[in-house]
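Chain order of the listed sequences is Z and W.
Going by numbering that gives the first Met the number 0, the first sequence runs without a break in its numbering and finishes at 489.
Going by numbering that gives the first Met the number 0, the second sequence runs without a break in its numbering and finishes at 142.
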Amino acid sequence: MSTIVNNRLIIQPVTRIEGHAKISIHLDDAGEVKSAQFHITEFRGFEKLVEGRPFAEMPGIMSRVCGICPVSHILASSKAGDMLLGVEIPPAAEKQRRLVNYAQVLQSHALSFFHLSSPDLLLGMDAPAEKRNIFGLLESDPEFLRRGIRLRQFGQRIIEIAGGKSVHPACSGPGGVHARFNIAQRDEILSWIPEALGSVAVALDRLKSLLDGFASEIAHMGNFPSMFLGTVTADGGLEFYDGKLRLVDETGNAVAENLDPREYFKYLGEAAEDYTFVKFPYYRPVGYPNGYYRVGPLARLNAAKFAGTERAGREMREFKQRGSSNGSGAVCESFHYHLARVIEMLFAVERIEELMHSPELYEDKIHANASLNRREGVGSCEAPRGTLFHHYWVDENGLITKADLLIATGQNNQAMNRTVDQAAREFLKRIPPGTQPDEGILNRIEAAIRCYDPCLSCSTHALGQMPLVVEWIAPDGEVVGRTSRASPSS
Amino acid sequence: MRTLLLACGNTLRGDDAAAHAVLALIAPTEYHATRAVQQFTPELAAEVARFSRVVFIDADAESKAVRIEPLNSVPRNLKSLGPALTHTATAEEVVALASALFGFSGQAFVCRIPAQHFDAGEAPAPDVLEFAREAASQIAGLI
Chain Z
0 MSTIVNNRLI IQPVTRIEGH AKISIHLDDA GEVKSAQFHI TEFRGFEKLV
50 EGRPFAEMPG IMSRVCGICP VSHILASSKA GDMLLGVEIP PAAEKQRRLV
100 NYAQVLQSHA LSFFHLSSPD LLLGMDAPAE KRNIFGLLES DPEFLRRGIR
150 LRQFGQRIIE IAGGKSVHPA CSGPGGVHAR FNIAQRDEIL SWIPEALGSV
200 AVALDRLKSL LDGFASEIAH MGNFPSMFLG TVTADGGLEF YDGKLRLVDE
250 TGNAVAENLD PREYFKYLGE AAEDYTFVKF PYYRPVGYPN GYYRVGPLAR
300 LNAAKFAGTE RAGREMREFK QRGSSNGSGA VCESFHYHLA RVIEMLFAVE
350 RIEELMHSPE LYEDKIHANA SLNRREGVGS CEAPRGTLFH HYWVDENGLI
400 TKADLLIATG QNNQAMNRTV DQAAREFLKR IPPGTQPDEG ILNRIEAAIR
450 CYDPCLSCST HALGQMPLVV EWIAPDGEVV GRTSRASPSS
Chain W
0 MRTLLLACGN TLRGDDAAAH AVLALIAPTE YHATRAVQQF TPELAAEVAR
50 FSRVVFIDAD AESKAVRIEP LNSVPRNLKS LGPALTHTAT AEEVVALASA
100 LFGFSGQAFV CRIPAQHFDA GEAPAPDVLE FAREAASQIA GLI
């Protein structure tokens, strides 16, 4: 639904994202877009809730932050616990954690691409809202949808195999993992690989064939210079589980390299604004607000020098040719989060297959035993939506005295605000001032946000559905229009 | 006929664990398989299609008695289904996807268990467990 009252437009809810959100579009006296803001309107406060809990319980508690990426929270929390124990976990445990992390990225990206964004991409931004969903895809391209559902099922199945269940699995804790991986599990996972590789190839081919038809969206849905942050291997390769952080600018040149994620607080700060519950992380040496950066698939592919697997490596080299400086700079168009996401699915499937052939994965030792050895611990990994940090402080009994979570969607907060502003300015100027924007225009503003696949439940550590509202706001502050529609189930 | 018993609920949400309790009360047979999930999702469609019958079991705050009803009204052309399905799905949507994408042509039922309290808690209330026992008995008769 959308309405306009005295120069203020409200779009509510923003759909096909995870959580609750609102977009406010401020108009000037001429009725043109003056600015636009993306608000996160839910609050839960997980960091306060966990105070007093034993640190060993944290992975289980933190997995409840999100039903889409619980594994990411479990792994970051487990790694913070490893640091509190002062241990290096056994190779089998590390391999198993890597496995579930690849599976997590695969299933989450499959959900984002096939379920949430493909309706826009395959059916068109102007398709009727009642058709622009996976049931619309079912009518237009059932084989594509079948592949998407199966691909996500594959990722979920791996998590279930390793963690006992696909949502909120109990797979990892401080010191290691909870169960050995076995040959029967390997054989089941390997049986999925050919189909998974085929499905990602279909998705890649289809998406690349569609890009020419979205030139306007690519140019105006978050196309701006920024820095990009991602975890990389020691030699700069794409990495999801453990490594150093690399920050590059829009030219593709490194702003900072070999950053220790356990010291993120030394170089990443968090600012607050009064219109949203989500904080605004920034790179301290540059300061706020100019020190903002993007994370997630687009940022990871910009930050890494290469993928390190055959198929994804080939796609990543081609991807980098889309860079802003005649193929040598970073890819700055947020629309290409979609393409980066599919390339990362390919990378994840290839890495999963590699892991199945790693003898270390099947070793007996899966846990390093120790008691509390530190009072402060940090864990980080690459979640589907970007770099995730868990930072805990404990007392002498191992009880949490303070916790800080730096979430991927939060780190994209400023970029998402810029994206909404850019999209609103471009697409709303195509209609006469004061008139009601049509569904296609409103959907483009929403779709600009969906490029980031934001998980607002994660970023506010909140629970529930994620409808979004867009409001038009007049110069005097009065809400003059509002759009909302049925929210998705969560 | 091989049946999939699909239980939905959060075991940390009091009466919401009723469906999980039902599965625990049904003795294994060669005629059925069980699956316990926290929510129904589109991915279950592929799994449902491997069976000739599926029973969705869920706690229901609006039910007064245990009910097992066929999902005869599933719109096979999907046009009347909800427009905003994302990572979760209703039983009807799972069956519709199973039919349209994975060739499911079997029977589908939904078993609703009366429940009231969905706050944090590790077990259903005694009266809900009694409903779970009744549901298990009815489902055992079905399979």
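Yeah, the Cβ is synthetic: ideal placement off N, Cα and C, and Gly gets one too.
All values derive from a computational prediction rather than experimental measurement.
At the 7 Å Cβ level, is residue i part of the contact set with chain Z, yes or no?
i, result
"L70 of chain W", "no"
"A23 of chain W", "no"
"E42 of chain W", "yes"
"Q137 of chain W", "no"
"Q37 of chain W", "yes"
"A16 of chain W", "no"
"A64 of chain W", "no"
"A145 of chain W", "Because chain W spans 0 through 142 in this model, residue 145 of chain W falls outside it and cannot be assessed."
"A99 of chain W", "yes"
Across which residues does DSSP place residue i in a beta bridge pair?
i, result
"G59 of chain Z", "BP columns for G59 of chain Z are empty, so no partner."
"C226 of chain Z", "The displayed chain sequence assigns Met, not Cys, to residue 226 of chain Z. M226 of chain Z pairs with Z:Y292."
"Q106 of chain W", "W:R52"
"Q36 of chain Z", "Z:S23"
"Y391 of chain Z", "Z:G376, Z:A402"
"L572 of chain Z", "Residue 572 of chain Z is absent from the structure shown; chain Z starts at 0 and stops at 489."
"L174 of chain W", "The structure shown has nothing for residue 174 of chain W, since chain W only spans 0 to 142."
"A382 of chain Z", "Z:G385"
"E332 of chain Z", "Z:N222"
"A270 of chain Z", "Z:F279"
"P53 of chain Z", "Z:L398"
"F305 of chain Z", "Z:G236"
"G172 of chain Z", "Z:G175"
"H114 of chain Z", "Partner(s): none; H114 of chain Z has no beta bridge."
"I182 of chain Z", "DSSP lists no partner for I182 of chain Z."
Applying the 10 Å Cβ sphere with the 16-neighbour rule, what's the burial state of residue i?
i, result
"V479 of chain Z", "buried"
"P383 of chain Z", "buried"
"N100 of chain Z", "buried"
"D14 of chain W", "buried"
"S208 of chain Z", "exposed"
"Q103 of chain Z", "buried"
"I112 of chain W", "buried"
"A461 of chain Z", "Below a pLDDT of 50, predicted positions are generally treated as unreliable, and A461 of chain Z, at 35, falls in that range; no measurement from the model is reported."
"D394 of chain Z", "exposed"
"G307 of chain Z", "buried"
Could you tell me whether the Cβ of residue i comes closer than 7 Å to any Cβ of chain W?
i, result
"R340 of chain Z", "no"
"R151 of chain Z", "yes"
"R145 of chain Z", "yes"
"L136 of chain Z", "no"
"P58 of chain Z", "no"
"P141 of chain Z", "yes"
"I182 of chain Z", "no"
"V166 of chain Z", "yes"
"Y24 of chain Z", "A quick correction: the sequence has Ile, not Tyr, at residue 24 of chain Z. Answer no: the Cβ-Cβ gap between I24 of chain Z and chain W never drops below 7 Å."
"I148 of chain Z", "yes"
"Q155 of chain Z", "yes"
"A461 of chain Z", "Caution applies to A461 of chain Z, whose pLDDT of 35 falls short of 50 and renders its modelled position unreliable; the model cannot decide the point."
With a threshold of 7 Å on Cβ separation, who are the neighbours of residue i within its own chain once the five nearest residues in sequence on each side are excluded?
i, result
"R424 of chain Z", "V32"
"S116 of chain Z", "H337, R449"
"R132 of chain W", "L24"
Could you pull out every residue in the same chain whose Cβ sits closer than 6 Å to the Cβ of residue i, ignoring the five residues on either side in sequence?
i, result
"S62 of chain Z", "P69, H72, I73, H167"
"T33 of chain W", "L4, L22"
"R66 of chain W", "R111"
"T232 of chain Z", "E238, G242"
"I22 of chain Z", "I10, F37, V419, V469"
"N9 of chain W", "D15, Q37"
Could you name the residues of the same chain whose beta carbon sits closer than 8 Å to that of residue i, not counting the 5 residues immediately before and after it, in chain order?
i, result
"Q115 of chain W", "D14, A60, A124, V127"
"L84 of chain W", "Bear in mind that the predicted position of L84 of chain W carries a pLDDT of just 47, short of 50, making it unreliable; the figure below should be weighed with that in mind. P41, E92, listed in sequence order."
"P89 of chain Z", "G175, E362, K364, I365, H366, A367"
"Y30 of chain W", "M0, R1, T2, I142"
Check whether the Cβ of residue i sits closer than 6 Å to any heavy atom of the ligand GTP, and report yes or no.
i, result
"Y291 of chain Z", "For the ligand GTP, the structure offers nothing, since it holds no ligand at all."
Check: Below 8 Å, can you find three or more Cβ-Cβ pairs linking the segment 140-159 of chain Z to the segment 409-420 of chain Z?
Finding: no
Notebook entry, point to check: Are the segment 404-412 of chain Z and the segment 287-300 of chain Z in contact at 8 Å, needing three or more beta carbon pairs?
Noted result: yes
Notebook entry, point to check: Quick check: the segment 47-64 of chain Z against the segment 393-402 of chain Z, are there 3 or more CB pairs under 8 Å?
Noted result: yes
Note to self: Does the segment 261-274 of chain Z come into contact with the segment 365-372 of chain Z, if we say contact requires no fewer than three beta-carbon pairs (one atom in each stretch) closer than 8 Å?
What the structure shows: Contact fails: fewer than three Cβ-Cβ distances are below 8 Å.
Next item on the list: Decide yes or no for the touch test of the segment 81-90 of chain Z against the segment 222-237 of chain Z: beta carbon pairs closer than 8 Å, at least 3 of them.
Entry: Contact between the segment 81-90 of chain Z and the segment 222-237 of chain Z is absent, because fewer than three Cβ pairs lie under 8 Å.
Margin query: For the structure I just gave you, are there three or more beta carbon pairs, one from the segment 46-56 of chain W and one from the segment 154-163 of chain Z, closer than 8 Å?
Written below: no
Note to self: For the segment 232-246 of chain Z against the segment 351-362 of chain Z, do three or more pairs of beta-carbon atoms, one drawn from each stretch, fall closer than 8 Å, so that the two count as touching?
What the structure shows: no
Margin query: Using a Cβ distance threshold of 8 Å, determine whether the segment 122-135 of chain Z contacts the segment 180-187 of chain Z, with at least three qualifying pairs required.
Written below: no
Item checked: Given 8 Å, three or more beta-carbon pairs between the segment 346-358 of chain Z and the segment 273-280 of chain Z -> Judged by Cβ distances under 8 Å, the segment 346-358 of chain Z makes no contact with the segment 273-280 of chain Z, as fewer than three pairs qualify.
Next item on the list: Specify whether the segment 188-199 of chain Z and the segment 142-155 of chain Z touch according to this definition: at least 3 beta carbon pairs, one from each stretch, less than 8 Å apart.
Entry: Counting Cβ pairs under 8 Å, three or more are found: they touch.
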